[in-house]
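Before any comments, here is the structure.
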Amino acid sequence: METTHRVFVGDARELSGIEDDSVELVVTSPPYPMIEMWDDLFVELDPAVGDALESGDGRRAFEAMHAQLDRVWDELERVLVDGGIACVNVGDATRTLDDSFRVYPNHARVLEAFESRGFDPLPDVLWRKPANSAAKFMGSGTLPPNAYVTLEHEYVLIFRNGETKRGFEPKADRRYEAAYFWEERNRWFSDVWTEVRGELQDLDFGDDDGDLRDRSAAFPLEIPYRLICMYSAYGDTVLDPFWGTGTTTLAAMCAGRHSAGYELEPEFLEVFEDRIGDVPELSRAVGRARLERHRAFVAQRREAGKGFEYEAEYYDTPVVTKMERGLRLREVVGVDQDPLESASERTDSEGGTADPSDTGTGTRTRTRGDTDWASGTGYRVEHAPLSVED
């Protein structure tokens, strides 16, 4: 199995390199409005943001920042297939402007924006993050009434593009092989995630460039990897319009999905390229960690006196449900750099179009002619069934 991965250096408000109806899943974490580390970016996008901040008008600054994100959400509506899923990791902000402290509810504003574009909201996830105990309380400490609750969680908002689910061909191998274990389902589809930092953190994609991670506010690998496994099948395409250090692309490679991303800062791509050789080892470690956790679950279940009705077809282990039997994990066995143009031509041959003319429906299809395809990079990744032993 082969997947392609495209990364464009460009502005996500105009996803000109992404074709209409070509993406099955979006996994992203945008810059959070009213978080100071993102002020310069939003001011560059719209000078009115700076005017509002300087005048102490937090409400106006908040709305002006979200107006820029709204343009990205417009593009997601275009590129997502009917029934496609968008997962947006976002946190609320607290800030003092003009001597007034308040919370800025980013999650509520993003939810409103997606609903107004015809997306159906699905149950979301609260990601509870480890708190810094030294800065746990805000305000006047132990004196009432002017202390404030500390924000210790972020949201993973989940939306479906349209009212209907995606359809699959009956008993499609790529869907059944992408199944998750029963105990993974129970953990992943809980509405509160508390263990995310520990689960794949030791397997993360290096940390030599911590300053870049800080600047990109990158989420841990487990977040996009888990969401990709939950909401897509092998061979689907995953888009991250706020690519950052490439964590979503990395997760897509490990999970056997195609991917595309947009990033404003070229140096992030350079760091990613320096580490791409580690992807085969990382993908193998991720897959084996899932198997090891499943076997630990099997042992615990048997100790509790519970049995199993089914056996996995590809692994020497029992499973709880019939749908798990065909589960087949993948690992990366090779990564080659691939020009963006050739990656696009393959996508076109799989059902897209390379003709920039009108489609006959009054809607113009985005194609390679709409963007500078030299600005970015691409990768071709070869996958094989997970090797259980060295």
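Last residue of the sequence shown: number 390 in UniProt numbering, and the count goes up by one each step with no gaps. Glycine is no exception: its CB is placed at the ideal position from the N, C-alpha and C atoms. Just so it is clear, the structure is predicted and the values come from calculations on it, not from any experiment.
- CA-CA distance, S387 to R6, rounds to 27 Å.
- The residue among V43, R78, P33 with its C-alpha nearest the C-alpha of D92 is P33.
- By the beta-carbon neighbour count (other beta carbons within 10 angstroms, threshold 16), N161 is buried.
- By DSSP's assignment, I223 forms no beta bridge with any residue.
- Pairing V27 with V271 gives a Cβ-Cβ distance that is not under 8 Å.
- For the pair of segments examined, the stretch 259 to 268 was found to touch the stretch 10 to 28: the number of CB pairs separated by less than 8 Å reaches three.
- Every unbroken stretch of the alpha helix (DSSP H) spanning 4 or more residues and falling wholly within the stretch 35 to 121 is given here in chain order: 39 to 45, 47 to 54, 58 to 79, 106 to 116.
- Distance between A384 and R330, taken at the CA atoms: about 6 Å.
- At the C-beta level, V125 and V110 stay beyond 8 Å of one another.
- Distances from the CA of P123 to each of V156, E63, F114, P144 were compared; the closest alpha carbon is that of V156.
- Pairing V333 with Y379 gives a Cβ-Cβ distance that is not under 8 Å.
- For G50, the CB contacts under 7 Å within the same chain, skipping 5 residues up- and downstream, are V43 in chain order.
- Counting only the Cα atoms, G305 lies some 50 Å from W73.
- Runs of the beta strand (DSSP E) lying entirely within the stretch 297 to 346 and spanning at least 3 residues, in chain order: 330 to 337.
- Remark: fewer than three beta-carbon pairs, one from each stretch, lie closer than 8 Å, so the stretch 97 to 104 and the stretch 163 to 175 are not flagged as touching.
- The C-alpha of Y310 is placed about 51 Å away from the C-alpha of A67.
- Between Y315 and L282, the C-beta gap is not smaller than 8 Å, which leaves the two residues out of contact.
- Beta-bridge pairing by DSSP links W127 to E154, W193.
- The C-beta separation of A251 from Y225 comes to about 4 Å, placing the pair in contact by the 8 Å criterion.
- Spatial neighbours of I276 in its own chain (CB-CB distance under 6 Å, excluding positions within 5 residues in sequence) are listed in chain order as V335.
- By the Cβ-count criterion, M253 is buried, with 16 or more other Cβ atoms from all chains shown falling within 10 Å of its own Cβ.
- In the DSSP assignment, no residue is bridged to L250.
- Annotation: the continuous beta strand (DSSP E) that includes R380 extends over 376 to 385.
- Proximity to P30 across D20, V23, A52, A86 peaks at A86, based on C-alpha coordinates.
- Ranked by Cα distance from S22, the first of P318, H258, V286, E389 is H258.
- Nearest C-alpha to H294 among Y180, E163, I35, S55: Y180.
- Sequence-distant partners of Y104 (beyond 5 residues in either direction) whose C-beta falls short of 6 Å from its own C-beta, in its chain, are M34, F62, A93.
- A direct Cα-Cα distance of roughly 43 Å separates T248 from P144.
- The beta carbon of A255 is closer than 7 Å to those of Y225, I228, C229 in its chain, skipping five residues each way along the sequence.
- In this structure, L25 lies away from E75, with their beta-carbon atoms at least 8 Å apart.
- With at least 16 other beta carbons inside 10 angstroms of its own, L221 counts as buried.
- As a beta-bridge residue in DSSP terms, Y262 pairs with F8.
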